[in-house]
Amino acid sequence: MKHSIRRSLRTGLGGVWLRGTLPTGGAVLAPNHNSWWDGYVLRELAWWAGADFRVLMTARQLGRFPFLRRMGALEAGRVREAVRGAQDGAWVAVFPEGAVQSSGSLGALHPGAAWIARTAGVPLIPVALRVVMRGGQWPEAYLRVGAATTSLPEALAHELGVLDAELAASNPEQPLAGYLRVMRGRATGTETVDWPARLLTRITGDR
20 MKHSIRRSLR TGLGGVWLRG TLPTGGAVLA PNHNSWWDGY VLRELAWWAG
70 ADFRVLMTAR QLGRFPFLRR MGALEAGRVR EAVRGAQDGA WVAVFPEGAV
120 QSSGSLGALH PGAAWIARTA GVPLIPVALR VVMRGGQWPE AYLRVGAATT
170 SLPEALAHEL GVLDAELAAS NPEQPLAGYL RVMRGRATGT ETVDWPARLL
220 TRITGDR
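What follows is the structure in structure tokens.
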């Protein structure tokens, strides 16, 4: 299962990059939700960090992808189990918008993530997450992890605004400055065609 998820990420994305300090024990991660890839990206981040992982999902999603239970997925109503997981040291990912939203401004947030963190006595961590097409052939995933907060709407909106500004101001041909690559993904078209292009240039003599 782990191999299958990682293969999907490595063949479907150009890579995963991270900025910020990750929690060292139990925590509730509260990311925005704009992409089908988001859960997989968070799962990879936990593997990379060596953290135990849970993620709350709707019953409909788990009905479509029941195998995700093996990777830490819990039905959204099982909040007490999520609390126990966080108390036992796991990262519990809760998408406070409740469902995938169109990219752009943050949607209305539900209180579940804050409730789980408060009940478990663990930090509530805002995570800005974008899976975006830039200058390469494949989408790239960027995560910006903020400091623990007791005011999630403001903290998550801030981190997402900063990430969006960084993306808007960046060179799309290069990874964002200051971000650490967590996972190498699929090579872009420019990387995969460079060698035949050079060969044709030598054969034809074109300059």
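Count the sequence shown with the working numbering and you get residues 20 to 226, in order. The beta-carbon is built from N, C-alpha and C at its ideal position, and this holds for glycine as well. What you are looking at is a predicted structure, and each value in this text was computed from that prediction instead of being measured.
Alpha carbons only, please: which of the options is nearest the one belonging to residue i?
| i | options | result |
| --- | --- | --- |
| THR168 | GLY180, ARG137, ALA160 | ARG137 |
| SER23 | TYR59, HIS177, GLY108 | TYR59 |
| SER121 | LYS21, SER54, GLY204 | SER54 |
| VAL150 | GLY140, TYR161, GLY39 | TYR161 |
| ARG79 | ALA92, GLY39, TRP56 | ALA92 |
| ARG89 | GLY96, VAL102, THR77, PHE72 | PHE72 |
| TRP134 | LEU171, ALA147, GLY108, GLN156 | LEU171 |
| GLY204 | PHE86, ILE222, TRP157 | TRP157 |
| ASP57 | VAL146, GLY126, LEU182 | VAL146 |
| GLY44 | ALA132, ALA166, GLY108 | GLY108 |
| MET20 | PRO50, GLY31, PRO85 | PRO85 |
| ARG99 | LEU143, ARG83, ALA132, SER124 | ALA132 |
| THR77 | ARG103, ALA187, ARG97, PRO194 | ARG97 |
Could you spell out the range, first to last residue, of the alpha helix (DSSP H) harbouring residue i?
| i | result |
| --- | --- |
| VAL60 | 57–68 |
| ALA176 | 171–188 |
Got a sec? Which residues, its chain only, sit under 6 Å from residue i by beta carbon, not counting five neighbours each side?
| i | result |
| --- | --- |
| ALA112 | LEU48, LEU61, VAL74 |
| ALA70 | TRP110 |
| SER189 | LEU195 |
Within 7 Å: the Cβ of residue i and any heavy atom of the ligand MG?
| i | result |
| --- | --- |
| ARG79 | Questions concerning the ligand MG fall outside what the structure shown contains, since it holds no ligand whatsoever. |
Below 8 Å CB to CB, which residues in the same chain sit around residue i once its five sequence neighbours on both sides are set aside?
| i | result |
| --- | --- |
| GLY140 | GLN106 |
Rounded to the nearest angstrom, how far is the Cβ of residue i from that of residue j, given a contact under 8 Å?
| i | j | result |
| --- | --- | --- |
| ARG153 | PRO191 | 4 Å |
| LEU28 | GLU63 | 6 Å |
| GLU173 | ARG163 | With a Cβ gap of about 15 Å, GLU173 and ARG163 do not count as contacting. |
Closer than 8 Å, CB to CB, is residue i near chain C or not?
| i | result |
| --- | --- |
| SER170 | Considering every chain present, this structure includes no chain C. It has just one protein chain. |
Span of the beta strand (DSSP E) holding residue i?
| i | result |
| --- | --- |
| GLU159 | 159–164 |
| VAL47 | 46–50 |
Buried or exposed for residue i, please, with buried defined as at least 16 other CB atoms from any protein chain shown within 10 angstroms of its CB.
| i | result |
| --- | --- |
| ALA184 | exposed |
| ALA127 | exposed |
| ALA118 | exposed |
| PRO50 | buried |
Whose C-beta lies closer than 7 Å to the C-beta of residue i among residues of the same chain, with five residues either side of it excluded?
| i | result |
| --- | --- |
| TYR198 | TRP36, LEU37, ARG38, TYR161 |
| LEU182 | ALA147, ARG149, TYR161, ARG163 |
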